[in-house]
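**Q** Chains as they are written, first to last, in my numbering: chain A, 425 to 850; chain B, 47 to 226.
Ideal placement from N, C-alpha and C gives every residue a C-beta, glycine not left out.
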Amino acid sequence: MLGIIMFVVALLMLLLGFPVAFTFAGVALFFGVLAEGFELFAFMPYRIQSVMENTILMAIPLFIFMGVVLQKTRLAEQLLIAMAQLFGRINGGIAISTILVGALLAASTGVVGASVVAMGLISLPSMLKHNYDKALSCGTICASGTLGQIIPPSIILIILGDVLGIPVGELFQAAVAPGVLLIALYIGYILFITARNPEKAPALPASPESTAVQFKQAVVAIIPPLALMLVVLGSIFSGIATPTESSALGGVGAIILAVCYRQFDTKMLWESANETVKVTAMVFAILIGATAFSMTFSYSGGDHILEQWLMNLPGEKWGFLILSMLVILVLGFFIDFVEISFIIIPLLAPVAEALGISMAWFAILIAMNLQTSFLTPPFGFSLFYLKGVAPASIKTQDIYRGVLPFISLQIFVLFLLLIKPSWFGF
Amino acid sequence: MPLLLKLDHCFANLARLCGVLAGIAMILLLFNVFYDVVMRYAFNDVSIGMQELEWHLFSAVFLLGIPYAIRENNHVRVDILYDRWSVKTQAFINLFGSFVFILPFVVLVTYYSMSFAFDAYEMGEGSGDPGGLPFRWIIKSLIPLSFIMMGLASLGMITSALIDLTQPSEKHEMPKKNLL
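1) I need the DSSP call for A/Thr533, collapsed to helix, strand or coil.
2) Taking the alpha-carbon of A/Ala645 as reference, which of A/Ile520, A/Pro815 and A/Val525 has the nearest alpha-carbon?
3) For the putative contact between B/Val124 and A/Leu438, defined by C-beta atoms under 8 Å, what is the C-beta separation to the nearest angstrom?
4) Between the alpha carbons of A/Pro602 and A/Val837, how many angstroms are there, rounded?
5) Once you ignore the five residues that flank A/Pro622 on each side, which residues in its own chain have a CB closer than 7 Å to its CB?
6) Flag A/Lys691 as yes if its beta-carbon sits less than 8 Å from any beta-carbon of chain B, otherwise no.
7) If you measure from the beta carbon of B/Arg62 to each beta carbon in chain A, is any gap under 8 Å?
8) Determine which residues of the segment 437-469 of chain A have a Cβ less than 7 Å from any Cβ of chain B, and write them out in chain order.
9) For a contact defined as C-beta to C-beta under 7 Å, what are the partners of B/Ile189 on chain A?
10) Since I believe A/Ile546 is in contact with A/Leu504 (beta carbons under 8 Å), could you give me their beta-carbon distance rounded to a whole number of angstroms?
11) In chain A, what lies closer than 9 Å to B/Ser132 by C-beta?
12) Between the C-alpha atoms of A/Phe848 and A/Leu842, what's the straight-line distance to the nearest angstrom?
13) Would you be able to state if there are at least three C-beta pairs under 8 Å between the segment 483-494 of chain A and the segment 462-474 of chain A?
14) Closer than 8 Å between beta carbons: that is the criterion. Which residues of the segment 483-497 of chain A meet it against chain B?
15) Can you give me, in chain order, the residues of the segment 518-550 of chain A that have a beta carbon less than 7 Å from any beta carbon in chain B?
16) Would you decide whether A/Phe798 is buried or exposed? Buried here means 16 or more other CB atoms lie within 10 Å of its CB.
17) Which first and last residues belong to the alpha helix (DSSP H) in which A/Asp727 is found?
18) Return the residues of the segment 65-79 of chain B that lie within a Cβ-Cβ distance of less than 9 Å from chain A, sorted by chain order.
19) Measure the C-alpha to C-alpha separation of B/Leu226 and A/Leu745 and round it to an integer number of angstroms.
20) Pick from A/Ala814, A/Leu828 and A/Ile788: whose alpha carbon is nearest that of A/Leu840?
21) Under a Cβ-count criterion, where at least 16 other Cβ atoms within 10 Å of its own Cβ denotes burial, should B/Ile102 be classed as buried or exposed?
22) Could you give the distance in angstroms between the alpha-carbon of A/Gly804 and the alpha-carbon of A/Ala530?
23) Could you check the C-alpha separation between A/Ser474 and A/Gly569 for me, to the nearest Å?
24) Just tell me which of B/Ala61, B/Lys52, B/Asp210 and B/Ser206 has its CA closest to the CA of B/Val133.
25) Below 8 Å on C-beta distance, what does A/Thr570 contact in chain B?
26) Strictly under 8 Å for the Cβ-Cβ distance: is B/Tyr167 near chain A by that measure?
27) So the candidates are B/Ile116, B/Tyr114 and B/Gln97; which of them puts its Cα closest to the Cα of B/Leu75?
28) Apart from the five residues on each side of it in sequence, which residues of its chain come closer than 7 Å, Cβ to Cβ, to A/Glu699?
29) What residues of chain B sit near A/Thr704, judged by a beta carbon separation below 7 Å?
30) Helix, strand or coil for A/Leu854 per DSSP?
31) Between the beta-carbon of B/Ser105 and the beta-carbon of A/Met476, is there less than 8 Å?
32) Could you pull out every residue in the same chain whose Cβ sits closer than 7 Å to the Cβ of A/Tyr851, ignoring the five residues on either side in sequence?
33) With a threshold of 16 other CB atoms inside 10 Å of the CB of A/Lys496, please say whether the residue is buried or exposed.
34) Identify each residue in the segment 114-141 of chain B for which the Cβ-Cβ distance to at least one residue of chain A is less than 9 Å, and report them in chain order.
35) Alpha carbons only, please: which of A/Gly743, A/Lys844, A/Val676 and A/Pro576 is nearest the one belonging to A/Phe489?
36) Under 8 Å Cβ-Cβ, which residues of chain A neighbour B/Glu100?
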């Protein structure tokens, strides 16, 4: 019972706004000492050591580094400009090109914030200039930028692979089909809207440049991310390299690209390393806090109570799946995917296993579900990023209204995944 | 209250030092892993020592990065309410959190990890694999070191909060969060 009380207290304490990692650690300490005495925390160094030796998690800083370097080479900017020119002359063209660029960036870097910011700075002004509907523009950008969450390589899949004990490469492969479906649905949605209301996303007037020139520019811009994608995902999918190894290949590849684009210098390398350190520290602090928390939780018997309760839900497997998806969806409104993955998922995992649920399927369901947390008002990360760079004429309301259809599409794919796993190869 | 400012400055510099070390470890980690991949596939040559160095560097990245990120205010907060509160209220929260959440945890883990590292030293623990790295106590000492630096960084959080409470106009060095 103590464990359950601790859980509630921790959630309430989070509302104070003190860093999540330490709030969990502090609450765990208080209850852990109450239940078992100080000795319980003698295990902490061993737990930390097992994180230190975890080569799967090592891929996280390396992939983040790759993303930061690519961001600094302004690759996203070039891609966006070139693709918008190519597609601009059809209705909804800039929106479609934004989605395609989002997909490409997702498959090569997977850093959500950087994609949304780049699109907000480049695609948004251009969409607004050509009289695109504000909400549609904002929604497209937030949704496209967030694709990095589900399309491999992505940090969330690495974390889920580690927490659920599934090979990360396998998860990356499993995420491809739902990711592609999501992209197709986004584009389909834009086509549908422009067919009904062309004035929401009008075509651009013909540009002075010939189509051949535009095509060449697009190809030049598309080669670098495509090459990186091939190196990183290709080496993983063909079984040549582990995700961690391929993340290092990607990191060095990104540096080589930066050199080719004449964007590389020691300052840029240092800034990239520094930013990587900050994000990595944020993720691993939560992991350490969560470790202390789940240790106390299981010693106080909280996990048994929870497990029994979850095992005896009506509808067994389906009751559990629906409840856990709802819980993750709702928690996603308030806390982000790192906390959910490290704290909530380990509680659900043993039950899922006991109920005979395929863990890879469960992982992809969670990843798809967590993706919506990036878009759900009022605390979705992508919304903040876009608001941060959008011109003053964009109201928060526009962004909220814009993401709603895309959230519905995500939930639709989640639903399909849930009822028709065989369509996605599970 | 120049003493408070001086102290705050001192804690900030210590955290920044951790950040620099973690950054260096990050770059070394990238090339370390890259080197190992290339050696393995191109020359079929695996060095256990180099492979163990990977996780040594990886540990340094996050263990030293955490105290640095405390100072840089990069750790995620649930900011539903926090962002709406005044600077003074936020300062109170940070004071409370440092004393109640961070410091006790840091003290306890430092205490246990010191004996954890010391045992490795006394036993002369090294890698279990042939060709592995010796002196396991060095990397194990990084745990207490990291937690001590976390403690100092949270003292820095306290000094920053006290500055906010006593002289709100004073500029101190707690930057806003900048997440990726």
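**A** So, from the data block:
1) Translated into the one-based positions of the first sequence, residue 533 of chain A becomes position 109. A/Thr533 falls in the coil class under three-state DSSP.
2) Here residue 645 of chain A refers to the residue found at position 221 of the first sequence. Measuring from the Cα of A/Ala645, the nearest candidate turns out to be A/Val525.
3) Locating residue 124 of chain B in the second sequence gives position 78, where the first residue counts as 1. Locating residue 438 of chain A in the first sequence gives position 14, where the first residue counts as 1. Rounded, the Cβ-Cβ distance is 5 Å, consistent with contact.
4) Along the first sequence, read from residue 1 onward, the residue named residue 602 of chain A stands at position 178. Along the first sequence, read from residue 1 onward, the residue named residue 837 of chain A stands at position 413. Straight-line Cα distance between these residues: approximately 7 Å.
5) Residue mapping note: residue 622 of chain A aligns to position 198 of the first sequence, counting from 1. Correct list, in chain order: Asn515.
6) The residue labelled residue 691 of chain A in the question sits at position 267 within the first sequence. False, the Cβ-Cβ gap to chain B never drops below 8 Å.
7) Position 16 of the second sequence, counted from the start, is the residue given in the question as residue 62 of chain B. No - not a single Cβ of chain A is within 8 Å of the one on B/Arg62.
8) Leu438, Leu439, Leu440, Gly441, Phe442, Pro443, Val444, Ala445, Phe446, Thr447, Ala449, Gly450, Leu453, Phe462, Phe465, Ala466, Met468 and Pro469
9) Here residue 189 of chain B refers to the residue found at position 143 when the second sequence is read from its first residue. Near B/Ile189 (Cβ distances below 7 Å), the residues of chain A are Pro469 and Ile472.
10) Stepping through the first sequence from its first residue, residue 504 of chain A is reached at position 80. Stepping through the first sequence from its first residue, residue 546 of chain A is reached at position 122. Confirmed, Cβ separation roughly 5 Å.
11) Here residue 132 of chain B refers to the residue found at position 86 of the second sequence. Going along chain A, no residue has its Cβ under 9 Å from B/Ser132, so there is no contact; the nearest lies around 12 Å.
12) Mapped onto the first sequence, residue 848 of chain A falls at position 424. Mapped onto the first sequence, residue 842 of chain A falls at position 418. About 10 Å.
13) no
14) Pro485, Leu486, Ile488, Phe489, Gly491 and Val492
15) Val535, Gly537 and Ala538
16) Here residue 798 of chain A corresponds to residue number 374 of the first sequence, with the count starting at 1. By the neighbour-count rule (16 or more Cβ atoms within 10 Å), A/Phe798 is buried.
17) Position 303 of the first sequence holds residue 727 of chain A. It spans Gly726 to Met735 - the alpha helix (DSSP H) in which A/Asp727 sits, taken as one unbroken run.
18) Gly65, Val66, Ala68, Gly69, Ile70, Ala71, Met72, Ile73, Leu75, Leu76, Phe77, Asn78 and Val79
19) On the second sequence, position 180 is the one that residue 226 of chain B refers to. On the first sequence, position 321 is the one that residue 745 of chain A refers to. Because the pLDDT at B/Leu226 is just 41, under 50, the model does not fix this residue reliably, and the point stays unresolved.
20) Mapped onto the first sequence, residue 840 of chain A falls at position 416. Looking at the Cα atoms, A/Ile788 is the closest of the given residues.
21) Locating residue 102 of chain B in the second sequence gives position 56, where the first residue counts as 1. With the sequence shown as reference, residue 102 of chain B is identified as His, and Ile is not the correct amino acid for it. With 16 or more Cβ atoms within 10 Å of its Cβ, B/His102 is classed as buried.
22) Translated into the one-based positions of the first sequence, residue 804 of chain A becomes position 380. Translated into the one-based positions of the first sequence, residue 530 of chain A becomes position 106. Straight-line Cα distance between these residues: approximately 18 Å.
23) Position 50 of the first sequence, counting from 1, holds the residue named residue 474 of chain A. Position 145 of the first sequence, counting from 1, holds the residue named residue 569 of chain A. Taking the straight line from one Cα to the other gives about 33 Å.
24) Here residue 133 of chain B refers to the residue found at position 87 when the second sequence is read from its first residue. Measuring from the Cα of B/Val133, the nearest candidate turns out to be B/Asp210.
25) Translated into the one-based positions of the first sequence, residue 570 of chain A becomes position 146. Within chain B, no residue comes near A/Thr570; the closest Cβ sits about 13 Å away, beyond 8 Å.
26) Stepping through the second sequence from its first residue, residue 167 of chain B is reached at position 121. No, B/Tyr167 does not count as interfacial toward chain A.
27) Here residue 75 of chain B refers to the residue found at position 29 when the second sequence is read from its first residue. If we check each option's Cα against that of B/Leu75, B/Gln97 comes out closest.
28) Here residue 699 of chain A is taken as the residue at index 275 of the first sequence, counted from 1. Counting only Cβ-Cβ distances below 7 Å, and skipping sequence neighbours, we find Val492.
29) Taking the first residue of the first sequence as position 1, residue 704 of chain A is located at position 280. Ordered by position in chain B, the residues that pass the 7 Å Cβ test against A/Thr704 are Val107, Phe108 and Gly111.
30) In the structure as shown, chain A begins at 425 and stops at 850. Residue 854 of chain A is therefore absent and cannot be evaluated.
31) Residue mapping note: residue 105 of chain B aligns to position 59 of the second sequence, counting from 1. Residue mapping note: residue 476 of chain A aligns to position 52 of the first sequence, counting from 1. Cβ atoms of B/Ser105 and A/Met476: closer than 8 Å.
32) Since the first and last residues shown for chain A are 425 and 850, residue 851 of chain A lies out of range.
33) Stepping through the first sequence from its first residue, residue 496 of chain A is reached at position 72. Looking at its Cβ environment, which holds 16 or more other Cβ atoms inside 10 Å, A/Lys496 is buried.
34) Tyr114, Ala115, Ile116, Glu118, Asn119, Asn120, His121, Val122, Arg123, Val124, Asp125, Ile126, Leu127, Tyr128, Asp129, Trp131, Gln136, Ile139 and Asn140
35) Indexing the first sequence from 1 puts residue 489 of chain A at position 65. Among A/Gly743, A/Lys844, A/Val676 and A/Pro576, the Cα nearest to that of A/Phe489 belongs to A/Val676.
36) One-based indexing of the second sequence puts residue 100 of chain B at position 54. Simply Thr479 and Met482.
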